[in-house]
Structures are given as structure tokens and as C-alpha cells.
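These protein sequences, in sequence, are chains W and V. No gaps in the numbering here: position 62 of the first sequence is 204 in this note's numbering, and each next residue is one more. No gaps in the numbering here: position 154 of the second sequence is 296 in this note's numbering, and each next residue is one more. Working notes for the structure below.
Protein chains: 2
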Amino acid sequence: MRISFAERMKGMKGTSVRNKLFDDPMLISFAAGKPEGKLFPADELIPSVIEILQRDYQEALQYSDTEGIPDLRSLIAEQRMREAGVRTTADRITLTSGSQEGIEMSAKIFVNPGDVIICENPSYVGAYSAFEAYQPSYVGISLDEDGMKMDELEQALKAHPEAKMIYTIPDFQNPTGIVMSDERRRRLAQLAAEYEIPVIEDCPYGDLYYDGDRHPAVKSFDEEGWVIMLGSFSKIFCPGFRIGWVCAEPQILEKYILCKQSSNLQCSTLDEKIAAEYMRKFDLNTHIEEVRAVYRGRRDRMLECIEKYLPSGVRYTKPHGGFFVWLELKEEIDGGELLIEAAREAKVGFVQGGGFFTGPGHENYIRLSYSFVDEEQIEEGMRRLGLLLKKYY
Amino acid sequence: MRISFAERMKGMKGTSVRNKLFDDPMLISFAAGKPEGKLFPADELIPSVIEILQRDYQEALQYSDTEGIPDLRSLIAEQRMREAGVRTTADRITLTSGSQEGIEMSAKIFVNPGDVIICENPSYVGAYSAFEAYQPSYVGISLDEDGMKMDELEQALKAHPEAKMIYTIPDFQNPTGIVMSDERRRRLAQLAAEYEIPVIEDCPYGDLYYDGDRHPAVKSFDEEGWVIMLGSFSKIFCPGFRIGWVCAEPQILEKYILCKQSSNLQCSTLDEKIAAEYMRKFDLNTHIEEVRAVYRGRRDRMLECIEKYLPSGVRYTKPHGGFFVWLELKEEIDGGELLIEAAREAKVGFVQGGGFFTGPGHENYIRLSYSFVDEEQIEEGMRRLGLLLKKYY
């Protein structure tokens, strides 16, 4: 068979998180950005599901609105967006199949082939993979400990007036774990309005802060509506439901609704009802506090273990939230080759860093996730990684 | 705000099924292709959900494979595909958010801007809406009582060697309700291999046959792998779960998996588990038999009412399955204008037919769905529609 696929398929690649190396049951994996399953609130969900199906199974299992059931959209507008410092309404919320779908639709809505997307460098590999279908080019902006550098961003906006959107993960960025300062958030909203360019604010980790308070969303500084905020239940509730959302001004939001409708009509009605029932009956913020306490412990243990086991020449970020630590190794170490050795010999896994960058090179980085491994596993896994790395230092 | 959207957004339109006219609670609506909610197997689903969550909530609410959970893929390969006459295996199945997502991804995978899609004329409006994002042109093939005309298709294949795919709904087609004969199915599979062009066989209604037996899928005649079959639980089980599937050869299927992963990672894990648990414990075919009996009664009543109430000049299809009857009205009647009058004055709804065609014109068609209205409502609704139409005949 000589099959002729569309041009856009050429750039699409699978995620390295699904590497077959990770199938080894003896492996301690710091690869996937998965939440801890023990934290899912099953005891509260079981009676909720029974009640929903007994009360009105005909509606719970039927088609429903593309935007999502009105209850859940209101609850998101009132609760989740308020937590992020954004005062909004249900008619500015549409549901998506996780934050991932919001990312994909953003490129679909704004990007013609060849158009520039501005993003942090490095940034989320799953975003590149979604963007690639729309054949963009990238301009990457460096990060320091306060997040995306605003002077570099402004230079890029001047140099690329044709850029179509800015993609950012301001909270505990993937892969670096870095948080953007409030001052830069304000500046980013200003620059978007000044240069008339949409900002896609991807915010799956915003509620998972372990030191100090939650940062107000970039969207909370947005006066003209150029910021499009993507939220998700995946990291704070249950990822299996595939429920995320977009918050944007109506004239932009209608394009997301149109895309969602033509792509897959809607999210799961039952899962939307379960999420709404849970949020009405229980306090999601109390649940998130419990979740934070567990991840804070793991983050602390991970940082201790880096100090304890890794060669002192390894540079690393110290995240104040989220799931990730980002390691810069000696320049001559290739993260991909190291991964093969680590998985096969040391039985420890992570994600190689090269794919997170807008361009080639940077192979001497790796990402470690501490969200899905308990503290004992962190200790043992980091001990193994340390032993392996010491061969190179 | 002067927002610059991508070129591809220009052709995308919302579906007419979501017309605000249908919000009137007094309206009897033959518009939506919705299944009957009373038929959803809630009594079997409630214990299934409880068991799944009690047995392993950590897995049921967690991320899972993009392809879908292995259990459900095996069950689909063994049961649903076998019913359609296709012998296949789980590694040739990937889950999608309903058949709609399979349609959208097909265009994403095969169609460059300007490429020709060959389809029945008329065809499903939701498919055009999904395709539009990839900026195709269309070549429409006429239908007769045996489905898509194969001689006309072959002419089109000769005239358009650059065509990238054939989209067809062989079973109880949307909007016409027409079924493709077995002979033409075989011929379609042959032509696909001969002209080396993928056939997207969209099959949400294949199990819903009311006279005689199920037709073997076009895919059952496919020897070289050019047929890509889309299936769905939406019409035979519960649409709210958003579970459909693609069955294709591995080298094609991997592109669908890549698209699904970058678009939204996966379907709902919980909903996949519920569907698998139901299929293991209960006989889905027994359920489908019950569903068929109800729809068969509604189809019969609808056809009786057309004879009884509608002017004799109205031409209509006599479906042997599925959800739809397709009406050709006098040429001077505009389906869109008639709909406004029908909804406001006669309190009856349907879908105007113009949008189902690949080109302009054809406004004198309407689609009636009998799936979501009981027999008494069908009687009353058709009486009202008949009264209205008699003004024009």
C-alpha cells in the first residue's frame, strides 16, 4: 500500500512519556506527569454516581451541550476561576477534553501554516505535538527563576509582528517547574493588549502551590480579553474524566465551541455530571489541600535526594509547586542515551529533555516527576540515578 | 479587538440541529439524531459502576492508553466487528470520542488544503463541518435506492486521480436512510484497492436494521486494507459516554492514535471501563434487539403517518434501519423557511435539507428523525406537519 498522508502529519510525533522502556515492572519511573491515584476521592464519588444515575439516567447518558452542562460551567466560573483570581461567568467557559484539547484547538483556531507561535523555551512536548498539525514555526523565549523573560518576549513581538499566539505555562512550568512572577504576569497581559496577540495561558498546575500562596492567573490582569485561559481537573481531581475548560471572551470562545463540536461534539455527559455533583456536595478546595500536602512532601524528598545522591555538578530547578524538577547535566551527557542505560541497568526512568526545546540540541537535560511515586520510591529511585550519574562526573 | 483567526476557520459552521427554534418545550421535534433515553440500560450500569470503582478506583479514574483500555478494544474486535462481518484483532482498533472524532481525524490525516473528498450527495452535515477545517473540495456522488452509485463513483475516481478519500455511510445513511446493497459494498472495496484511495466507512447505524439481516460492512470485503471503518456506541448503547472506534490496518491506525494523543490524549477511562464491564457481563446484542424493536415500531408509525397526513406529492425514502426519513418537497418550498413556520406556528421541528448537499441549491428537502419521539408524538407531530404542508400543495 502506498498511502498518501497529508503534509501536516509529517511533524507529528508520539510522546516520549509512552516509551516502551517504562513497561518494566521493576522500574521506578519519574517520567509521567500523572497524579497519585490513591488521592482520588472514590468514597465521595461512588454515592455521587449512584445518585446521578438513579435520579436521571436518561439525561446523564444522553448527548448534551458542546459547551458542557450548565451546572459544571457555573461551578467552574464561580469556584476554580475565582481561585485563580479571575472573575468570570459560565458563558465565558466551555469544556474541553482536558487542557490538551484546549491547546490543540488554540493552534487550529489561530495558526496558518508557517505562522509563528511564541512559547517558553523549553516548553511542554505535548503542546508541540498538538501544534505540529498546523505547521507553525516557533520563537522560543528563555526562562529565568521568575519565568518567561519579558524583555526577550517584547523583542520577539517587535521582530515578529506576524506571530499569531503566545503559549505559556506560568504555574510550575512543564518541564522546568518554574513559576512566573506576578509582575511578569501583569506585564504579559499588557504586552498581549499592546501587540494585539492572544495569550494561551495553560494552567493545569495552578492550584498545586506548596510554598506561599496561589499566584493570580495572567488572565486576572487581562483587561481587553487577549488572554485565553486553559484549566483542567486532571491534576487536582481525576484525569480519567478528561475534563478541562477554556475561559475566554465570547467572540473567541465561539470558535472553540465550533471546533469542539466538529471534532467530537462534547465531553462525557456522565463524567461532567459526576464532577458537578462532587463540587456541589463536597469542598474541592479541601480535597486540593490534602493533595498539596502529599505532593509537597514528595517535592521536599525529591530535592533532598538530589542533594544527597546526585553529583554536585548537576544543576536543577527548585519548584514551588506542580510535578516537575528539571535537571541540567554535563554537556557531554545525552539524555536519551542516559535514559536507555538508566531504564535497562539502574531500573529508573525519567523523560529526556531535548524534545522540550523549540530547536535541536539541549540533549543534556532531563525531567523528573515526583507526583506518582511515594517518598520511599523517590529515595530508592534517586539513589539509583545518583549511582549511575556518578560514572559521568 | 481585531482578532486574526486562521484561514481554516472560515468554512466552519455550527450544526443546524442546535437551532434555537428547537428550545420551545411545546415543540415536537424530528430534528436530532438522538437515541431514546428510556432504552439506556441503567439497571445494569449502576452495579457495574459501583463494582468498577470499588474494585480499582485508582485505575478507573487515572490516565490510560490513548488506544483505549485493552479489554474494551478486544471486546469491540471480537463482538462488534464480528457482527459487521469483519474478522479483526484488538491491535487494529483504537477508540475515539464517538464516530465524529474518527471523521475529523480522517480529514486531518489525509487531506491537504484543496484536496478532493468524495462523498455521497447528500451526506452528513457534521462530517462537512469536521472536514472544513482541512479546506477540502468535494465531489458528490448521487444515491439511488441501493446507495452510492458505483458507475458515477468510478467516473469520479477517473476524473479526480488527486482525490484523497471516499467518505461513505453505507448503513441507513444520514440524511436519506438509504442502505447500500451488498454488491455495491463489494464493488466499493474493489474500487478503493484499484484506485488506491482510502474509504472512510462511517457506521454508527449498522446494528439498527429493522427488516431482514445486518449488511456486512464494506470493510468485510476489504482485502488490501484500504477501508477504514468507524464504529460507535452512541446509537446502540449510550452517546453520553463518547466512545466510538476506528478499525484499520496498523500503518494507518498509528496515524489515528497519534492524532488522538495530540488532540486529547484519550477517551474517559471510567466510561471505557463501564462499557467493557457491561459487555462482559451482559449481552449487548440482546440489548440491541430490544432497541431495534422500539425503533422499528417508530419507523413503521412514521411511514404510516407520511401516507396518512402528508400531501401525496411529497416524495420520501423508506428506510430499512437507522433513524431518518428524507423528504423531497415541491421545488418552490424552501426547507429553511418552512422550518421557521413549522416551529413557530405548527410547533413541529425537523432539519432543513440544503446543508446536507456538497453544493448550493436543494433547499426543498427536509430530514425527519423518528428515534427520539414516541409513537403518539410521531402521530401528532406528523398530523401538524401535514396540515402545514397542505397549504403548499
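Backbone N, C-alpha and C fix where the C-beta goes; we use that ideal spot for every residue, glycine too.
Check your understanding: For chain W, is any of its Cβ atoms less than 8 angstroms away from the one on V/THR157?
Key -> For this step, residue 157 of chain V is matched to residue 15 along the second sequence. Cβ-Cβ to chain W under 8 angstroms: yes for V/THR157.
Practice item. Just tell me which of W/GLU336, W/SER454, W/VAL267 and W/ARG384 has its CA closest to the CA of W/LEU529. Key: The residue given as residue 529 of chain W occupies position 387 in the first sequence. If we check each option's Cα against that of W/LEU529, W/SER454 comes out closest.
Exercise for review: Kindly list, in the order they appear in chain W, the residues whose Cβ is closer than 8 angstroms to that of V/ILE370.
Suggested key: On the second sequence, position 228 is the one that residue 370 of chain V refers to. What V/ILE370 touches in chain W: nothing, since even the nearest Cβ is about 10 angstroms away.
**Study point:** Every unbroken beta strand (DSSP E) within the stretch 189 to 240 of chain V, with a cutoff of 3 residues, ordered by chain
**Key:** Counting only unbroken stretches of 3 or more residues, the beta strand (DSSP E) elements lying wholly within the stretch 189 to 240 of chain V are 235 to 238, in sequence order.
Review point. What distance in whole Å lies between the Cβ atoms of W/LEU295 and W/ILE260, which are believed to be in contact at a cut-off of 8 angstroms?
Key: In the first sequence, counting from the first residue as 1, residue 260 of chain W sits at position 118. In the first sequence, counting from the first residue as 1, residue 295 of chain W sits at position 153. That belief holds up - the Cβ atoms of W/ILE260 and W/LEU295 are roughly 7 angstroms apart, short of 8 angstroms.
Point to revise | V/GLU366 (DSSP reduced to helix, strand or coil) | key: Against the second sequence, residue 366 of chain V aligns to sequence position 224. Of the three classes helix, strand and coil, the one that applies to V/GLU366 here is coil, per DSSP.
**Study point:** V/CYS261 - containing alpha helix (DSSP H), residue span
**Key:** The residue you call residue 261 of chain V lines up with position 119 of the second sequence. Segment 258 to 262 is the beta strand (DSSP E) holding V/CYS261; no alpha helix (DSSP H) there.
Exercise for review: Look at V/THR157 and W/GLN403 and say whether their C-beta atoms are less than 8 angstroms apart.
Suggested key: Your numbering for residue 157 of chain V matches position 15 in the second sequence. Your numbering for residue 403 of chain W matches position 261 in the first sequence. In this structure, W/GLN403 lies closer than 8 angstroms to V/THR157 by Cβ.
Exercise for review: Following the continuous beta strand (DSSP E) through V/ILE508, name the residue where it begins and the one where it ends.
Suggested key: As a position in the second sequence, residue 508 of chain V is number 366, starting the count at 1. V/ILE508 -> beta strand (DSSP E) spans 507 to 511.
Point to revise | Own chain, CB closer than 7 angstroms to V/CYS380, minus 5 neighbours either side, in chain order | key: As a position in the second sequence, residue 380 of chain V is number 238, starting the count at 1. Answer for V/CYS380: PHE182, listed in chain order.
**Study point:** Strand pairing of V/VAL267, partner residues [DSSP]
**Key:** Within the second sequence, numbered from 1, the residue matching residue 267 of chain V stands at position 125. Answer by DSSP bridge pairing: none, since V/VAL267 is not bridged.
Check your understanding: Are any of the Cβ atoms in chain W nearer than 8 angstroms to that of V/VAL253?
Key -> In the second sequence, the residue the question calls residue 253 of chain V occupies position 111. Taking Cβ atoms only, chain W reaches closer than 8 angstroms to V/VAL253, which makes this a yes.
Check your understanding: If you run the structure through DSSP and keep just helix, strand and coil, what is W/VAL493?
Key -> Residue numbering aside, residue 493 of chain W sits at position 351 when the first sequence is read from its first letter. The answer is strand: DSSP assigns W/VAL493 an E or B state.
Practice item. Indicate whether at least one CB of chain V lies closer than 8 angstroms to the CB of W/CYS345. Key: Here residue 345 of chain W refers to the residue found at position 203 of the first sequence. W/CYS345 does not count as touching chain V.
Exercise for review: State yes or no: is the beta carbon of V/CYS409 nearer than 8 angstroms to at least one beta carbon in chain W?
Suggested key: In the second sequence, the residue the question calls residue 409 of chain V occupies position 267. By this cut-off, V/CYS409 is an interface position.
Practice item. Enumerate in chain order the residues of its own chain whose CB-to-CB distance from V/SER536 is below 6 angstroms, with the five nearest sequence positions on each side excluded. Key: What is shown of chain V runs 143 to 535, which leaves residue 536 of chain V out entirely.
Point to revise | Coil, strand or helix - W/TYR458 by DSSP | key: By 1-based counting over the first sequence, the position of residue 458 of chain W is 316. Correct three-state label for W/TYR458: strand.
Practice item. Pick helix, strand or coil for W/SER284, following the three-state DSSP scheme. Key: Counting from 1 along the first sequence, the entry for residue 284 of chain W is found at position 142. Looking at W/SER284 - three-state DSSP - the assignment turns out to be coil, as it is neither helix nor strand.
**Study point:** Cβ-Cβ distance between V/HIS357 and V/ARG327 below 8 angstroms
**Key:** Within the second sequence, numbered from 1, the residue matching residue 357 of chain V stands at position 215. Within the second sequence, numbered from 1, the residue matching residue 327 of chain V stands at position 185. For V/HIS357 and V/ARG327, yes; Cβs fall inside 8 angstroms.
Check your understanding: Taking just the CA atoms, how far does V/TRP387 sit from V/THR208?
Key -> The residue you call residue 208 of chain V lines up with position 66 of the second sequence. The residue you call residue 387 of chain V lines up with position 245 of the second sequence. So the two alpha carbons sit approximately 12 angstroms from each other.
Exercise for review: Taking the CB atoms as reference points, tell me whether V/ILE283 and V/GLU262 lie closer together than 8 angstroms.
Suggested key: Within the second sequence, the letter at position 141 stands for residue 283 of chain V. Within the second sequence, the letter at position 120 stands for residue 262 of chain V. Result yes, Cβ atoms of V/ILE283 and V/GLU262 sit closer than 8 angstroms.
Check your understanding: Given that a residue counts as buried once 16 or more other Cβ atoms are within 10 Å of its Cβ, and exposed if not, what is W/ASN427?
Key -> Within the first sequence, the letter at position 285 stands for residue 427 of chain W. Per the 10 Å Cβ criterion, exposed.
Review point. Hey, quick one: how far does the beta strand (DSSP E) through W/GLU470 stretch, first residue to last?
Key: Within the first sequence, residue 470 of chain W is the residue found at index 328, counting from 1. That run of the beta strand (DSSP E) goes 466 to 470.
**Study point:** W/GLU487 - containing beta strand (DSSP E), residue span
**Key:** Start at 1 with the first residue of the first sequence, and residue 487 of chain W comes out as number 345. Note, W/GLU487: premise wrong, no beta strand (DSSP E); not H, not E.
Practice item. Sort W/GLU396, W/LYS415 and W/TYR451 by Cα distance to W/LYS526 and report the nearest one. Key: Along the first sequence, read from residue 1 onward, the residue named residue 526 of chain W stands at position 384. Checking the displayed sequence, the identity of residue 526 of chain W turns out to be Arg instead of Lys. Out of W/GLU396, W/LYS415 and W/TYR451, W/TYR451 has the C-alpha closest to the C-alpha of W/ARG526.
Check your understanding: Do we get a CB-CB distance below 8 angstroms when we pair W/ASN161 with the residues of chain V?
Key -> Along the first sequence, read from residue 1 onward, the residue named residue 161 of chain W stands at position 19. Judged by the 8 angstroms Cβ criterion, W/ASN161 is not in contact with chain V.
Review point. At least one CB of chain V closer than 8 angstroms to the CB of W/MET143: is that the case?
Key: Numbered from its first residue, the first sequence carries residue 143 of chain W at position 1. Interface residue, yes.
**Study point:** Per-residue DSSP class, three states only, for W/THR428
**Key:** For the purposes of this step, residue 428 of chain W is taken as the residue at position 286 of the first sequence. Correct three-state label for W/THR428: helix.
Check your understanding: In chain order, what residues of the stretch 489 to 523 of chain W put their CB closer than 8 angstroms to some CB of chain V?
Key -> When C-beta distances to chain V are compared with 8 angstroms, every residue of the stretch 489 to 523 of chain W stays at or above that value.
Check your understanding: Can you list the residues of chain V that W/ASP413 reaches, using a CB-CB cut of under 8 angstroms?
Key -> Numbered from its first residue, the first sequence carries residue 413 of chain W at position 271. Ordered by position in chain V, the residues that pass the 8 angstroms Cβ test against W/ASP413 are SER410, LEU412 and ASP413.
**Study point:** Residues near V/SER511 in its chain [Cβ-Cβ closer than 7 angstroms; skip 5 each side]
**Key:** To locate residue 511 of chain V, count along the second sequence from 1; it is residue 369. Excluding positions up to five away in sequence, the list reads PHE172, ALA173, ALA174, GLY175, PHE465 and PHE466.
Review point. Using DSSP with H/G/I as helix, E/B as strand and the rest coil, what is W/SER279?
Key: In the first sequence, residue 279 of chain W corresponds to position 137, counting from 1. Strand, per DSSP.
Point to revise | Contact set between V/GLN242 and chain A, taken where Cβ atoms lie within less than 9 angstroms | key: Of the protein chains in this structure, namely W and V, none is chain A.
Exercise for review: Determine, using beta carbons only, whether W/GLN204 comes closer than 8 angstroms to chain V.
Suggested key: Position 62 of the first sequence, counted from the start, is the residue given in the question as residue 204 of chain W. Yes, W/GLN204 lies at the interface with chain V (some Cβ there is under 8 angstroms from its Cβ).
Check your understanding: When you compare each of W/ASP288, W/GLY348, W/SER248 and W/GLY256 to W/ILE308 by their alpha carbons, which one comes out closest?
Key -> Translated into the one-based positions of the first sequence, residue 308 of chain W becomes position 166. Checking every option, the nearest Cα to that of W/ILE308 belongs to W/SER248.
Review point. Taking Cβ positions only, does W/ALA184 come closer than 8 angstroms to chain V?
Key: Position 42 of the first sequence holds residue 184 of chain W. So yes, W/ALA184 belongs to the interface.
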